[in-house]
Ligand code: AMP
Ligand code: GLY
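Numbering (my numbering), first residue to last: 97 to 517.
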């Protein structure tokens, strides 16, 4: 089977490495992939949002199955366009990807179907939003409706800060059209858990839970990033919490999407907060998380391609989704300065014997050399029987990799370790 994976980050590298283990997969193309992915797939210089070029390539190369990994092509209708040419895909159609593409949609969905989430108001004009903030409780959370590269959420400690966030989104258009409408919601507290799940629109099979580390600095300080590391499983996600999530959140969400005529197939990501009042949805993503995928898929024992096909064909109920009873840790090595400005173009050295444990996010090949080309450069991933061993192992791997201006957090997994004791 000829497979095409749309995207080019660490998440896509993790998907591709796992697909290579599948018995039916013979060739993998990555669009666009990256310099590290080039070790595991044929990289094709087509951008992940260039839907026409993606479809042209798939038709010309007679691709048997496509995995559309990032949010933007999904929201733009990449799956719809490929399906129209008869190419089956892993991932939701645009009408279902809206669960991530519009926070107004997802909040209204949860309200309509009684799925636990933060209380909220939607605003379509700035004056009403500012008036509401005169008396709103703080801290409060201001969210741009549309996709904003993970930056469209502002936690405001004061009403003044909340107003500034509203003005930057609605007047100054900091996130373009994504901020035309906004959600202002209740500030929740509690540990966060990421749960990725497979669904064919009929059943939902959660993957092992994980914990992201979004802030740039140790002890969760500094700016928000695309994720500086992950561990799996997440110790806050106990069996009891998992059962409650299944009944109150996962199954109701699948049913709600069906009831709206927006059947979701693919990977539905539940961003949860375990609040004193029980688990609540912070966000939905219509795709695998990054860097959650880098710790979740290495623990998957079942055949990923079989599962993906089952989500497309509606046969997930009878398909095994089994995870190792182990732990995993991913430490992201970034370019110093990320998420603000950073230098790139430095040569990366990865010892051959650890290349299986490395998931490359931002690197390009130049004259046979691997050079840094992004803020997040790669993830070093270790699986082990205990979380402690996984963390130690990931940091040992991280030490063996070198490039100029290498930066990583030194406390990935520390909180999970404490919570699990
Ligand atoms: P999102 O892009 O919706 O995942 O939000 C980014 C981050 O903002 C989340 O991972 C949370 O840490 C935080 N966040 C979002 N909504 C809330 C909320 N209602 N209360 C507290 N923190 C929140
Ligand atoms: N790690 C968070 C995300 O993928 O959105």
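From the three backbone atoms N, C-alpha and C, an ideal C-beta is built for every residue, glycine too. Computed from a predicted structure; not experimentally measured.
Secondary structure of residue 491 (DSSP, three-state): helix. Bridge pairing for residue 302: 293 [DSSP]. In terms of Cβ geometry, residue 191 and residue 296 do not form a close pair [threshold 8 Å].
Contact holds between the stretch 409-424 and the stretch 293-308, because three or more Cβ pairs, one in each stretch, are under 8 Å apart. Secondary structure note for residue 238: its beta strand (DSSP E) is the uninterrupted segment 236-240. In the three-state reduction of the DSSP assignment, residue 282 falls in the strand class.
One alpha carbon belongs to residue 144, the other to residue 405, and they sit about 21 Å apart. DSSP places residue 170 inside the alpha helix (DSSP H), whose first and last residues are 167-172. Nearest to residue 470 by C-alpha distance, out of 509, 480, 435, 111, is 435. Unbroken alpha helix (DSSP H) runs of no fewer than 4 residues, entirely contained in the stretch 182-217, are found at 190-197, 199-208, following chain order.
In this structure, 499 is the residue among 408, 499, 483 with its C-alpha nearest to the C-alpha of residue 447. The beta carbon of residue 512 sits closer than 7 Å to the beta carbons of 307, 327, 330, 331, 483 from its chain, once the five residues preceding and following it are set aside; these are given in chain order. Cβ neighbours of residue 317 within its own chain (closer than 7 Å, five residues either side excluded): 311. One Cα belongs to residue 279, the other to residue 194, and the distance between them is close to 15 Å. Taking the C-beta atoms as reference points, residue 475 is found nearer than 8 Å to residue 455. Here residue 517 is exposed: its Cβ has fewer than 16 other Cβ atoms, across all protein chains shown, within 10 Å. Per DSSP, the continuous alpha helix (DSSP H) segment holding residue 354 begins and ends at 347-355. When the beta-carbon positions are compared, residue 372 and residue 211 stay at least 8 Å from each other. Taken from the Cβ of residue 284, at least one heavy atom of ligand 1 lies inside 7 Å.
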